[in-house]
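Below you'll find the structure, written out as structure tokens, and then a few comments.
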Amino acid sequence: MRKEEDFLAWYTGIVEKAGLTDKRYPIKGMNVWTPYGWKAMRLIDEMTRALCEERGYKEVNFPLLIPETEFKKEEDHIKGFGGEVYWVTHGGETKLDIRLLLRPTSETAMYPMFALWLRSHADLPLKIFQIVNVFRYETKMTRAFMRVREIHFFEGHTAQRDFEAAEAQVREDMEIWQALARELALPYLINRRPEWDKFAGAFYSLGADTITPTGKTLQVATIHHYKDNFAKPYNITYEDADGTRKHAHQTTYGMSERLIGAIVSIHGDDKGLVMPPAVAPVQVVVVPILAKGAKDEPLEAARQIAAALKADGLRAEADVRDIRPGAKYYEHELRGVPLRVEVGPRDLKEGTVVVVPRDTGGKNVHQRTRLKEAVREEFEFLRERMLAKAKRVIDDAVRAAGSVGEIKSHAGVSVIGWCGDEACGQKVEAEAGTHILGTLEAGELPAAVTVPSNCLVCGKPSAKPTIAGGTY
Ligand SMILES: [Zn+2]
Numbered sequence: 001m002r003k004e005e006d007f008l009a010w011y012t013g014i015v016e017k018a019g020l021t022d023k024r025y026p027i028k029g030m031n032v033w034t035p036y037g038w039k040a041m042r043l044i045d046e047m048t049r050a051l052c053e054e055r056g057y058k059e060v061n062f063p064l065l066i067p068e069t070e071f072k073k074e075e076d077h078i079k080g081f082g083g084e085v086y087w088v089t090h091g092g093e094t095k096l097d098i099r100l101l102l103r104p105t106s107e108t109a110m111y112p113m114f115a116l117w118l119r120s121h122a123d124l125p126l127k128i129f130q131i132v133n134v135f136r137y138e139t140k141m142t143r144a145f146m147r148v149r150e151i152h153f154f155e156g157h158t159a160q161r162d163f164e165a166a167e168a169q170v171r172e173d174m175e176i177w178q179a180l181a182r183e184l185a186l187p188y189l190i191n192r193r194p195e196w197d198k199f200a201g202a203f204y205s206l207g208a209d210t211i212t213p214t215g216k217t218l219q220v221a222t223i224h225h226y227k228d229n230f231a232k233p234y235n236i237t238y239e240d241a242d243g244t245r246k247h248a249h250q251t252t253y254g255m256s257e258r259l260i261g262a263i264v265s266i267h268g269d270d271k272g273l274v275m276p277p278a279v280a281p282v283q284v285v286v287v288p289i290l291a292k293g294a295k296d297e298p299l300e301a302a303r304q305i306a307a308a309l310k311a312d313g314l315r316a317e318a319d320v321r322d323i324r325p326g327a328k329y330y331e332h333e334l335r336g337v338p339l340r341v342e343v344g345p346r347d348l349k350e351g352t353v354v355v356v357p358r359d360t361g362g363k364n365v366h367q368r369t370r371l372k373e374a375v376r377e378e379f380e381f382l383r384e385r386m387l388a389k390a391k392r393v394i395d396d397a398v399r400a401a402g403s404v405g406e407i408k409s410h411a412g413v414s415v416i417g418w419c420g421d422e423a424c425g426q427k428v429e430a431e432a433g434t435h436i437l438g439t440l441e442a443g444e445l446p447a448a449v450t451v452p453s454n455c456l457v458c459g460k461p462s463a464k465p466t467i468a469g470g471t472y
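Numbered according to the numbering used here, the sequence shown spans residues 1 to 472.
Pasting the structure below:
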């Protein structure tokens with residue numbers, strides 16, 4: 001499996017071989033989460049939960065079905081999602097009076113309840129999230145974790161006192177994203193989407209885009225400011241301190257299993273996955289190295305080491321199966337286990353172990369007495385190397401472009417000048433066959449990129465770097 005030669009073939013093979021998913025389920029775009037993949041997803045969800053709850057979000061769980069009457073209240077939203085909704089029209093043999101839809105996202109399920117819950121300014125901010133499956137009838141080609149029809153979805157929804165409070169929430173959501181991206185070792189650019197590409201019903205949309213080795217971008221998180229665009233049709237109002245009734249301003253934050261797709265694409269290599277330690281289902285595997293006349297001791301030591309690491313809160317396992325070490329290494333490398341600990345007769349004599357990080361394959365000798373500390377240090381070094389490697393890929397993929405021709409001749413992501421005018425933006429998209437991902441809001445451009453200061457089309461000044469590229 002050569003990642004560089006044929007990325008998509010590599011990706012398609014690796015997600016199944018590593019045990020993340022089984023795509024043989026007989027509905028396209030709906031895959032089975034197998035234990036290893038589901039565990040990784042749950043670990044990401046747990047981190048998301050903790051980051052949200054620290055900041056006052058509370059978890060809820062809303063019904064999967066939404067009545068058509070509620071769905072139709074916000075016009076732009078229907079236009080944006082109408083074409084990709086799954087409808088429930090019958091209960092048994094009985095035709096339903098009001099059609100129901102499977103949530104493609106939950107604004108229209110939640111906001112009628114927000115209207116009931118919200119009474120006074122003392123109830124604000126209202127901050128909730130849920131982690132559920134949503135459904136979108138995707139017509140483009142589906143791909144595991146990247147483009148699916150049943151989506152494992154995190155959605156945070158808030159109601160705020162006014163526009164400014166919603167702005168502050170957008171910034172807080174960006175902090176949550178940054179904390180998560182750090183642990184997943186994912187570099188990103190946060191782009192403010194152009195008007196024609198914002199979320200259906202939003203005032204504005206921010207997208208966190210990461211860049212895969214093919215130079216295409218992958219949107220891995222979105223944060224939207226809704227202003228009072230939903231509060232008005234759903235009548236989400238509160239009584240302010242002065243006794244007047246006001247519409248709330250709202251924000252949302254969305255992420256999905258695409259985070260797994262990004263981890264696979266960006267960190268994986270020809271041997272398989274490389275899991276960031278924070279979300280690796282198995283963080284450390286301990287492999288005994290047996291020698292003639294020395295079998296029991298290494299086996300016992302491997303068990304003890306794994307047990308000690310487990311007791312210290314790490315996800316550690318001893319692989320004591322009666323097969324060759326090479327066969328074990330192959331399997332654990334395929335699954336991207338961050339660290340392998342080897343213990344053989346010589347290590348036992350010297351009170352050491354050999355620690356092998358998944359990315360370098362180097363052999364680092366550590367004292368057994370301070371293995372717990374050493375493992376945590378190795379995790380941090382590994383995460384830093386993963387991020388540095390991913391950033392180098394981005395450095396290669398991102399270039400400044402001063403003309404349509406330069407955008408077209410470059411397979412990766414272009415940084416262009418854009419005046420912000422829709423006509424100029426659309427012209428760039430049409431002529432260069434690219435997408436304007438938006439103006440850069442946060443994230444680092446490669447140092448070598450000189451940001452153009454004038455619009456590519458009309459020559460007027462460009463206030464912010466504009467990012468253009470292909471998307472998954
Ligand atoms: Zn222009």
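By construction, the Cβ of each residue, glycine as well, lies at the ideal position given by its N, Cα and C atoms.
Could you name the residues that DSSP lists as bridge partners for residue i?
i	result
ASN191	GLY207, LEU440
GLY272	ASP269
GLY91	THR94
GLN367	THR352
THR471	THR217
ALA262	In the DSSP output, where bridge partners are listed per residue, ALA262 has none listed.
SER120	GLU239
ALA400	VAL415
THR466	ILE416, THR439
ASP147	Before going on, a small fix: residue 147 reads as Arg here, not Asp. In DSSP, ARG147 forms a bridge with ARG143.
PHE129	GLU59, GLY156
For residue i, does the three-state DSSP call read helix, strand or coil?
i	result
ASP319	coil
ASP97	strand
HIS157	strand
GLY82	helix
LYS69	It is worth fixing the name first, because residue 69 is Thr in this sequence and not Lys. Looking at THR69 - three-state DSSP - the assignment turns out to be helix.
HIS410	coil
PRO288	strand
LEU102	strand
VAL375	helix
PHE114	helix
GLN283	coil
PRO63	coil
LEU456	coil
VAL134	strand
VAL32	strand
PRO461	strand
ASP76	helix
Closest by CA to residue i, which one among the options?
i	options	result
THR352	TYR330, HIS332, PRO298	PRO298
ARG399	GLY412, GLU384, LYS391, VAL365	GLY412
GLY362	GLU373, PHE381, LYS372	PHE381
SER265	THR214, TYR86, ARG245	THR214
ALA115	SER106, VAL393, ASN235	ASN235
LYS28	GLU317, THR139, PRO187, THR212	THR139
VAL356	LYS349, ASN364, GLU350	ASN364
ASP242	VAL404, HIS152, SER120, PHE135	SER120
LEU101	TRP117, PRO112, ARG136, PRO125	ARG136
GLY459	GLU444, PRO125, LEU445, VAL428	VAL428
GLN367	LEU387, VAL343, PHE379, THR439	VAL343
ALA181	HIS332, ILE44, GLU300, LYS408	ILE44
GLY156	GLN130, SER403, THR108	GLN130
ARG358	ARG340, GLY19, THR369, PRO104	ARG340
LEU186	ALA50, GLY268, GLY438, ASP76	GLY268
GLY433	GLY402, ALA468, ILE190, PRO125	ALA468
PRO281	ALA301, VAL287, ILE260, LYS292	ILE260
PRO465	PRO194, LEU218, ALA122	PRO194
GLU378	HIS247, ALA278, GLY201	ALA278
SER414	GLN426, ALA401, LEU371, LYS389	ALA401
Tell me whether residue i is buried or exposed, calling it buried when 16 or more other Cβ atoms sit within 10 Å of its Cβ.
i	result
GLY481	Any answer about residue 481 is impossible in this case: the structure gives the chain only from 1 up to 472.
LYS58	exposed
MET386	buried
GLY13	exposed
VAL285	buried
THR360	exposed
TYR188	buried
At a Cβ threshold of 8 Å, is residue i touching chain B?
i	result
VAL398	Going by chain labels, chain B is absent from the structure shown, which holds only one protein chain.
Starting from the N-terminal side, write out each stretch of the alpha helix (DSSP H) that is 4 residues or longer and does not extend beyond the region 194-256.
The region 194-256 contains no complete alpha helix (DSSP H) run of 4 or more residues.
Sequence ranges, alpha helix (DSSP H) only - wholly within the region 3-28, length at least 4
Positions of the alpha helix (DSSP H) runs, each at least 4 residues long and wholly inside the region 3-28, are given as 7-17 in order along the chain.
Quick check on the DSSP output: what are the complete beta strand (DSSP E) runs of length 3 or more inside the region 290-359, in order along the chain?
The beta strand (DSSP E) runs lying completely inside the region 290-359 and spanning 3 residues or more are 316-318, 339-343, 352-357, given in chain order.
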